[in-house]
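J.: Sending over a structure as structure tokens; questions will come in a sec.
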Amino acid sequence: MPSTVKGVIARGKGQAVSVENVIVPDPGPGEALVKIQACGVCHTDLHYREGGINDDFPFLLGHEAAGIVEAVGNDVTDVAPGDFVILNWRAICGECRACLRGEQWNCFNTHNATQKMTLKDGTELSPALGIGAFIEKTLVAAGQCTKVDPNADPAAVGLLGCGVMAGVGAAINTGKVTRGMSVAVIGCGGVGDAAIAGASLAGAAKVIAVDVEDRKLEWAKQFGATHTVNSKERDAVEAIQELTGGFGADVVIDAVGRPETWKTAFYARDLAGTVVLVGVPTPEMRIEMPFQEFFGRGGSLKSSWYGDCLPSRDFPMLVDLYQQGKFNLDAFVSERIGIDDIESAFTKMHDGDVLRSVVIMK
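Under UniProt numbering, the first residue of the sequence shown is numbered 1, with each subsequent residue one higher.
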């Protein structure tokens, strides 16, 4: 029998969100019903509310989540009722050209639940990133559920579902950071600090955090930054070169996603170094640069989609490191809030007062 539960709805562009009754179907083939325990408040949710993703209103917001599987479709074997899972927005198909060449992290045919969650009047909802987790129970594709250690704190490990994984993966998977490298990260919000943590986990010898706010630079230190640069006070390229023997960093990660920060990353890397873009630009942004610079400096210019992660591989590994005290996921949780507090959490996030507010579902 379908469930009627409370969920957070964005009905129109720029409108305050509302908590409303949502009808969640029983899982069909390939689907899972998950009771949400915790869900982080991500910038992407705000982008949905502001119409920055698309205009398929109304949206069911929330996607950085962990919870317990309550039921599965009759053909589902990878997860079962009672499993503690982190939700992801990359349910790989296993059949597309990327999957068949062994690059499942680039799957071109990721999928979501087939059935739609609705409002009580039958209006179909668009779940954020195919998840919709600011809700008591949500319906997802079974492939969006990754089993992890049930003893882990849902508020912390749920953040692997988006921003933290994006940052860690940008360093480890996309940037290929290894022991002894120098790494610079531009932008020290949640994704940037996760990239710093990833570079530290990978054994980088020098991790340089760049931001315009001293408060954020202090936050970056707890994730492994060895040096900090306030780019309002000095030129970031010169500072990074000075800290790397005049050469530039081996890997520079742009966690902001603006033309000016990408150019900083480009010129702050060493010859044949790597630039990783993990911050998300907006459609109107443009870059104009001398074409010869791209050839003359060599190296790699990469975009990082979801940290080029494979949830089945990366989530359990990172949860294990967290449980061992080697990866400080708790530090990303700035506050724990209720489902009615999301609008205020958006304000705090926009103002840079938190890394993550996490909604705890009762």
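Backbone N, C-alpha and C fix where the C-beta goes; we use that ideal spot for every residue, glycine too.
Taking just the CA atoms, how far does E233 sit from Q37?
T.: 42 Å
J.: Taking only three categories from DSSP, how would you classify T77?
T.: coil
J.: Quick check on E293: does DSSP put it in helix, strand or coil?
T.: helix
J.: Specify the secondary structure class of N106 as computed by DSSP and reduced to three states.
T.: Three-state result, N106: helix.
J.: Could you tell me the alpha carbon to alpha carbon distance between P281 and G257, rounded to whole angstroms?
T.: 5 Å
J.: Do the segment 20 to 27 and the segment 114 to 125 touch if we need at least three Cβ pairs shorter than 8 Å?
T.: Contact between the segment 20 to 27 and the segment 114 to 125 is present: three or more C-beta pairs spanning the two stretches fall below 8 Å.
J.: Does C96 come out as helix, strand or coil in the three-state DSSP assignment?
T.: coil
J.: Assuming A265 and V278 form a contact by the criterion Cβ under 8 Å, report the distance between their Cβ atoms to the nearest whole angstrom.
T.: Rounded, the Cβ-Cβ distance is 10 Å, inconsistent with contact.
J.: The alpha helix (DSSP H) with L61 in it runs from where to where?
T.: L61 -> no alpha helix (DSSP H), and no H or E assigned at all.
J.: Do T110 and A128 have their beta-carbon atoms positioned less than 9 Å apart in this structure?
T.: no
J.: If you reduce the DSSP assignment to three classes, tell me which class K6 lands in.
T.: strand
J.: Quick one: give me the first and last residue of the beta strand (DSSP E) that G163 is part of.
T.: Following the DSSP letters along the chain, one finds G163 in no beta strand (DSSP E) but inside the alpha helix (DSSP H) bounded by residues G163 to G169.
J.: Given this structure, state the Cα-to-Cα distance separating V212 from G187, to the nearest angstrom.
T.: 8 Å
J.: Measure how close the beta-carbons of V275 and L301 come, nearest whole angstrom, since I'm counting them as under 8 Å.
T.: In this structure, V275 and L301 form a Cβ contact; the two beta carbons are roughly 5 Å apart against a cut-off of 8 Å.
J.: Count the other CB atoms within 10 Å of the CB of K326; is the residue buried (16 or more) or exposed (fewer)?
T.: exposed
J.: Can you tell which of L160, V359 and P150 has its C-alpha closest to the C-alpha of G82?
T.: P150
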